[in-house]
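One structure below.
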Amino acid sequence: MEILVCVKQVADDSVEVFMNEKTGKPALEGVEKVVNAFDTYALEMAVRLKEAKGDITVTTLSLGGEDAKNGLKNCLAVGADEAFYIKDENYQEKDAVIIAQALSQGYSKNRRTKRKKI
Numbered sequence: 001m002e003i004l005v006c007v008k009q010v011a012d013d014s015v016e017v018f019m020n021e022k023t024g025k026p027a028l029e030g031v032e033k034v035v036n037a038f039d040t041y042a043l044e045m046a047v048r049l050k051e052a053k054g055d056i057t058v059t060t061l062s063l064g065g066e067d068a069k070n071g072l073k074n075c076l077a078v079g080a081d082e083a084f085y086i087k088d089e090n091y092q093e094k095d096a097v098i099i100a101q102a103l104s105q106g107y108s109k110n111r112r113t114k115r116k117k118i
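Counting in our numbering, the sequence shown runs from 1 upward without gaps.
So this is what it looks like as structure tokens:
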């Protein structure tokens, strides 16, 4: 069995973030990005299940900029067996449906070719 855990990099919630008055968006320059806490919980549960059952592969997948690679490396350190990265520097400007399609297509393509593996 394979468990796929999608992870997203988000601004570190221990840092106070302010709004950029010109753009109306959060000012994230210089704010460290970390794996979303809920994604971390999902990964932890997948790894625990793998340890309990044995015949399970835990795969992580992330779409984003270069910072997403760091998050995936952390997932491997926690116990994921594989990590796939889909590069998209402009993901924040995209609709959730487009992102879901990109994740699905990217995972399928990477699974077939074993490319872009971290």
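Heads up, the beta-carbon is just placed ideally off N, CA and C, and yes, glycines get one too.
CB of Leu63 within 8 Å of CB of Gly106, strictly: Numbered from its first residue, the sequence shown carries residue 63 at position 63. Numbered from its first residue, the sequence shown carries residue 106 at position 106. Yes, the pair counts as a contact, with Cβ atoms nearer than the cut-off.
Can you list, in chain order, the residues of its chain with a C-beta nearer than 8 Å to that of Val17? Leave out the 5 residues immediately preceding and following it. Locating residue 17 in the sequence shown gives position 17, counting from the first residue. Counting only Cβ-Cβ distances below 8 Å, and skipping sequence neighbours, we find Ala11, Pro26, Ala27, Leu28, Val31.
Same chain, Cβ closer than 6 Å to Val5, neighbours up to 5 away in sequence not counted: Reading the sequence shown from its first residue, position 5 is the one you call residue 5. Excluding five sequence positions before and after Val5, the CB atoms of its chain that fall closer than 6 Å to its own CB belong to Ala42, Leu43, Ala46, Thr60, given in chain order.
Bridge-paired residues (DSSP) for Tyr85: Residue numbering aside, residue 85 sits at position 85 when the sequence shown is read from its first letter. According to DSSP, Tyr85 bridges with Ser62.
Decide if Ala83 is buried, meaning its Cβ has at least 16 other Cβ atoms within 10 Å, or exposed. Position 83 of the sequence shown, counting from 1, holds the residue named residue 83. So Ala83 ends up on the buried side.
Where does the unbroken alpha helix (DSSP H) through Lys203 begin, and where does it stop? Outside the shown range of the chain, which is 1 to 118, sits residue 203, and nothing can be said about it.
Please classify Ile3: does DSSP put it in a helix, a strand, or coil? Looking up residue 3 in the sequence shown gives position 3. If DSSP states are grouped into helix, strand and coil, Ile3 belongs with the strands.
Inter-residue spacing [alpha-carbon to alpha-carbon] between Glu66 and Lys87: Start at 1 with the first residue of the sequence shown, and residue 66 comes out as number 66. Start at 1 with the first residue of the sequence shown, and residue 87 comes out as number 87. The alpha-carbon atoms of Glu66 and Lys87 are separated by roughly 7 Å.
Alpha carbon to alpha carbon, how far is Lys94 from Gln101? If you number the sequence shown from 1, residue 94 lands on position 94. If you number the sequence shown from 1, residue 101 lands on position 101. Whole-angstrom Cα-Cα distance: 11 Å.
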